[in-house]
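Enquirer:
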Amino acid sequence: YVIFTKSPVAVIEGNYSIIFSDYNNQHWRTAPIDAGARCGAIVSALESLPDGVIRPGTVRCVQWRDYHSITAQDEPILRSPNPFYGIKTTLTFPENPGALKPLQIDRFLDGRRPTLYATNTSSSAAASVGVFVYADGFSGEAVEYFTDKCIDVAVTLAEAASYHFLTGLTPIESRLLARCLGDADGSWDSFSAADRVLGANYSWDFGDAVNPHVVRLVDLTAEPLTDLCNGSANSVRDEGNSSTCRYGDGLASSRQRPPGFLAPLFFDPADGQFKLLTRPALDYGPTTQFAVFATSATAQLVSGHARVLTESQPYSDTVLTTNSSSAYSDFLGNVDCETSAAKEQGALSGCVEKADLVFFVDPSLSAAAFRSNPKYLNLYRVQRTYVARPSQSDISAGVYLPHHNLNKIQLDKAITSEWTASDSARVYLFITRDLAAGSSSQLGFQYVSECSNRGNCIAEEGRCDCFTGFTAAACSFLHSVVT
Numbered sequence: 001y002v003i004f005t006k007s008p009v010a011v012i013e014g015n016y017s018i019i020f021s022d023y024n025n026q027h028w029r030t031a032p033i034d035a036g037a038r039c040g041a042i043v044s045a046l047e048s049l050p051d052g053v054i055r056p057g058t059v060r061c062v063q064w065r066d067y068h069s070i071t072a073q074d075e076p077i078l079r080s081p082n083p084f085y086g087i088k089t090t091l092t093f094p095e096n097p098g099a100l101k102p103l104q105i106d107r108f109l110d111g112r113r114p115t116l117y118a119t120n121t122s123s124s125a126a127a128s129v130g131v132f133v134y135a136d137g138f139s140g141e142a143v144e145y146f147t148d149k150c151i152d153v154a155v156t157l158a159e160a161a162s163y164h165f166l167t168g169l170t171p172i173e174s175r176l177l178a179r180c181l182g183d184a185d186g187s188w189d190s191f192s193a194a195d196r197v198l199g200a201n202y203s204w205d206f207g208d209a210v211n212p213h214v215v216r217l218v219d220l221t222a223e224p225l226t227d228l229c230n231g232s233a234n235s236v237r238d239e240g241n242s243s244t245c246r247y248g249d250g251l252a253s254s255r256q257r258p259p260g261f262l263a264p265l266f267f268d269p270a271d272g273q274f275k276l277l278t279r280p281a282l283d284y285g286p287t288t289q290f291a292v293f294a295t296s297a298t299a300q301l302v303s304g305h306a307r308v309l310t311e312s313q314p315y316s317d318t319v320l321t322t323n324s325s326s327a328y329s330d331f332l333g334n335v336d337c338e339t340s341a342a343k344e345q346g347a348l349s350g351c352v353e354k355a356d357l358v359f360f361v362d363p364s365l366s367a368a369a370f371r372s373n374p375k376y377l378n379l380y381r382v383q384r385t386y387v388a389r390p391s392q393s394d395i396s397a398g399v400y401l402p403h404h405n406l407n408k409i410q411l412d413k414a415i416t417s418e419w420t421a422s423d424s425a426r427v428y429l430f431i432t433r434d435l436a437a438g439s440s441s442q443l444g445f446q447y448v449s450e451c452s453n454r455g456n457c458i459a460e461e462g463r464c465d466c467f468t469g470f471t472a473a474a475c476s477f478l479h480s481v482v483t
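Under my numbering, think of the first position of the sequence shown as 1, with each following residue one higher.
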């Protein structure tokens with residue numbers, strides 16, 4: 001999160017609280033935190049929450065004390081010149097699994113009076129304090145959809161002029177990866193190619209801008225070093241005193257590796273490359289190896305005629321969709337199921353409605369797409385779709401006319417890209433039904449659930465009835481004497 005003003009001379013003072021929401025959507029409020037607090041104080045406030053909701057020694061933290069001078073390497077959306085001044089804090093909660101809501105920063109600890117404010121400025125606009133909260137491609141999940149590990153495949157990342165791609169593959173690894181990726185469009189009746197590996201035949205789809213593959217890449221480095229540390233090793237990256245630690249320090253053995261990140265990709269037969277629609281190679285060396293985890297879920301472009309735009313304020317949780325072509329002159333860019341039925345107005349398949357999983361990328365592989373696409377892919381849960389009138393500021397600036405209807409999609413977390421009318425960003429559904437099998441059943445493994453998936457919840461008594469061999473309040477331990 002970032003706490004900022006728009007004044008270069010303003011001093012942010014006062015205090016705030018962080019509201020942490022656990023997997024069950026229970027909200028936990030920290031004690032007041034000073035405006036200029038460093039990682040140690042912030043982590044202490046979080047790990048002091050009652051009932052052991054966050055285990056001490058597990059929260060990771062790194063800060064940038066001069067947000068105005070932060071580099072593009074460390075910030076998903078960075079305008080030039082950067083108009084914001086303040087402090088950025090990055091936190092992770094590796095032992096609090098599940099689909100956690102974004103942190104909330106409460107700036108009003110005294111009723112309606114803000115307790116976080118700016119001084120040393122005469123401008124009321126500059127004196128206002130703002131907050132950005134966003135997840136940069138590393139969010140908890142309750143259901144694991146990427147369960148198919150590509151056996152005997154290790155890849156590295158490389159950069160081309162306008163895209164990143166997978167490399168470091170031997171010929172047999174390329175075929176093993178192709179077999180592992182398998183279907184891309186939810187139909188085994190058609191495929192891009194067939195081949196043979198390890199004595200068995202297989203068929204697979206290359207993937208494309210309509211149906212890209214989506215994979216999870218997991219760093220295979222043994223005990224990787226990081227400056228996102230716990231305890232006294234918390235770092236300030238822009239003060240030149242970064243400490244480093246092993247990623248797994250203080251964590252349970254099952255969480256010793258980084259969580260990995262998602263990447264949409266397709267295979268280009270013209271040059272034999274697996275091309276990514278995101279930019280993760282910016283953070284890794286050319287020799288860093290990754291395991292690949294595939295999914296049976298399907299990524300589907302909703303419409304090639306609906307352009308995605310982001311709002312004027314960065315890190316909004318809402319995007320707009322507009323018509324991007326002349327093929328359908330009466331099309332307004334709406335992709336919601338209420339007003340735009342599947343396969344109407346150029347929609348390829350499906351439509352967007354509440355609770356859908358979606359993501360957004362520009363699939364064109366242009367230089368502009370490379371700059372605007374996220375470094376790491378977020379999957380978003382749709383909260384609502386609706387139509388709104390333009391804001392007065394956008395009308396005054398000539399961005400929209402007063403009578404324009406704006407088609408909007410509100411999401412469960414902030415967008416980490418900026419797209420304008422000159423970009424070709426699109427909406428993709430991440431369909432978690434088994435389309436290839438013609439089934440409506442849901443894919444994935446329920447990774448986080450009551451009683452650790454090892455017992456039944458007796459809600460009336462507030463306890464878990466553990467399966468044979470498991471013990472502890474949440475059935476989280478295997479009893480060593482049971483066989």
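We put the CB at the ideal spot given by N, CA and C, even for glycine.
Based on Cα-Cα distance, which residue from A472, V59 and V155 lies nearest to A231?
Expert: For the record, residue 231 in the displayed sequence is Gly; it is not Ala. If we check each option's Cα against that of G231, V59 comes out closest.
Enquirer: Taking Cβ positions, are N378 and T416 nearer each other than 8 Å?
Expert: Yes, the Cβ-Cβ distance between N378 and T416 is below 8 Å.
Enquirer: Would you call F290 buried or exposed, if buried means 16 or more other Cβ atoms sit within 10 Å of its Cβ?
Expert: Burial call: buried.
Enquirer: I need the DSSP call for G57, collapsed to helix, strand or coil.
Expert: Coil.
Enquirer: Roughly how many whole angstroms lie between the Cα atoms of R196 and V214?
Expert: Looking at the two C-alpha atoms, the distance is approximately 23 Å.
Enquirer: Relative to the C-alpha of T318, which candidate in P269, L169, E418 and R257 has its C-alpha closest?
Expert: Out of P269, L169, E418 and R257, E418 has the C-alpha closest to the C-alpha of T318.
Enquirer: Report yes if the C-beta distance between I172 and L103 is below 8 Å; otherwise report no.
Expert: No, they are not a contact pair.
Enquirer: By the three-class DSSP mapping on this structure, what secondary structure does I395 have?
Expert: In the structure shown, I395 sits in a helix (DSSP, three-state: H, G or I).
Enquirer: Can you list, in chain order, the stretches of the beta strand (DSSP E) that have 3 or more residues and sit fully within the segment 125–172?
Expert: Taking only runs of at least 3 residues, the beta strand (DSSP E) segments lying wholly in the segment 125–172 are 130–132, 156–159 and 164–167.
Enquirer: Distance, Cα to Cα, Q300 vs L228?
Expert: Each residue's Cα considered, the two are about 35 Å apart.
Enquirer: Determine whether the beta carbon atoms of F445 and E144 lie at a separation below 8 Å.
Expert: Yes, the pair counts as a contact, with Cβ atoms nearer than the cut-off.
Enquirer: Buried or exposed: where does V361 fall if 16 or more other Cβ atoms within 10 Å of its Cβ makes it buried?
Expert: It is buried - the Cβ of V361 has at least 16 other Cβ atoms within 10 Å.
Enquirer: Would you kindly work out how many angstroms separate the C-alpha atoms of A118 and A355, rounded to a whole number?
Expert: Their Cα atoms are separated by approximately 38 Å.
Enquirer: Near S325, what residues of its chain come up, given a Cβ to Cβ distance below 7 Å and the 5 sequence neighbours on each side ignored?
Expert: Taken in chain order, the residues that qualify are H305.
Enquirer: Counting beta carbon pairs with one atom in the segment 135–142 and one in the segment 90–103, are three or more of them shorter than 8 Å?
Expert: Counting Cβ pairs under 8 Å, three or more are found: they touch.
Enquirer: Nearest to A388 by CA position, among R107, L181, P94 and Q410, is which residue?
Expert: Nearest of R107, L181, P94 and Q410 to A388, Cα basis: Q410.
Enquirer: Given this structure, state the Cα-to-Cα distance separating S391 from F84, to the nearest angstrom.
Expert: Cα to Cα, the separation comes out at about 22 Å.
Enquirer: Mapping the DSSP letters down to three states, classify A252 as helix, strand or coil.
Expert: A252: coil per DSSP, three-state reduction.
Enquirer: Compute the Euclidean distance between the alpha carbons of W204 and T385, then round it to the nearest angstrom.
Expert: When rounded, the distance between both Cα atoms is 35 Å.
Enquirer: Just curious, the beta strand (DSSP E) that S17 is in, first and last residue?
Expert: Residues V11 to S21.
Enquirer: Figure out for me which residue from I33, Q73 and Q26 has the closest Cα to the Cα of L282.
Expert: Comparing Cα-Cα distances from L282 to each of I33, Q73 and Q26, the minimum goes to Q73.
Enquirer: Can at least three beta-carbon pairs, one atom from the segment 24–44 and one from the segment 151–160, be found at a separation below 8 Å?
Expert: No contact exists between the segment 24–44 and the segment 151–160.
Enquirer: Drop a sphere of 10 angstroms on the beta-carbon of T295, count the other beta-carbons inside from all chains shown, and report buried for 16 or more, exposed for fewer.
Expert: Buried.
Enquirer: Using a Cβ-Cβ cutoff of less than 7 Å, which residues in the same chain neighbour V448 once the five nearest sequence positions on both sides are dropped?
Expert: The residues are Y23, P97, G98 and A142.
Enquirer: Once you ignore the five residues that flank T298 on each side, which residues in its own chain have a CB closer than 6 Å to its CB?
Expert: For T298, where only same-chain residues beyond five positions count, the Cβ hits under 6 Å are G186, I431 and L435.
Enquirer: Anyone know if the C-beta pair for L309 and A414 falls short of 8 Å?
Expert: No, these two residues do not count as a Cβ contact at 8 Å.
Enquirer: Roughly how many angstroms lie between the CA atoms of S48 and I54, to the nearest whole one?
Expert: When rounded, the distance between both Cα atoms is 8 Å.
Enquirer: Under DSSP, the beta strand (DSSP E) around S190 begins and ends at which residues?
Expert: It is not in any beta strand (DSSP E) - S190 carries neither H nor E in the DSSP assignment.
Enquirer: Less than 6 Å between C-beta atoms, sequence neighbours within five positions excluded: which residues of the same chain meet that for N82?
Expert: These residues qualify, in order along the chain: H68.
Enquirer: Helix, strand or coil for C466 per DSSP?
Expert: Looking at C466 - three-state DSSP - the assignment turns out to be strand.
Enquirer: Which runs of the beta strand (DSSP E) spanning at least 3 residues fall entirely within the segment 191–216, listed in chain order?
Expert: Runs of the beta strand (DSSP E) inside the segment 191–216: 193–197 and 200–204.
Enquirer: Given a threshold of 16 other Cβ atoms within 10 Å of its Cβ, counted over all protein chains shown, does T483 qualify as buried or as exposed?
Expert: For T483, the pLDDT reaches just 44, beneath the cut-off of 50, and the residue's location in the model is therefore unreliable, although a value from the coordinates is still provided. Exposed.
Enquirer: Less than 8 Å separating the beta-carbons of R113 and V131?
Expert: No, they are not a contact pair.
Enquirer: Within its chain, find whatever has a CB closer than 8 Å to the CB of E338; leave out the 5 residues flanking it on each side and keep chain order.
Expert: Hits under 8 Å: E353 and T385.
Enquirer: Have a look at R454 and C150 and give me their C-alpha separation to the nearest angstrom.
Expert: Taking the straight line from one Cα to the other gives about 27 Å.
Enquirer: Express the C-alpha separation of L169 and Q442 in angstroms, rounding to a whole number.
Expert: Answer to the nearest angstrom: the Cα atoms are 32 Å apart.
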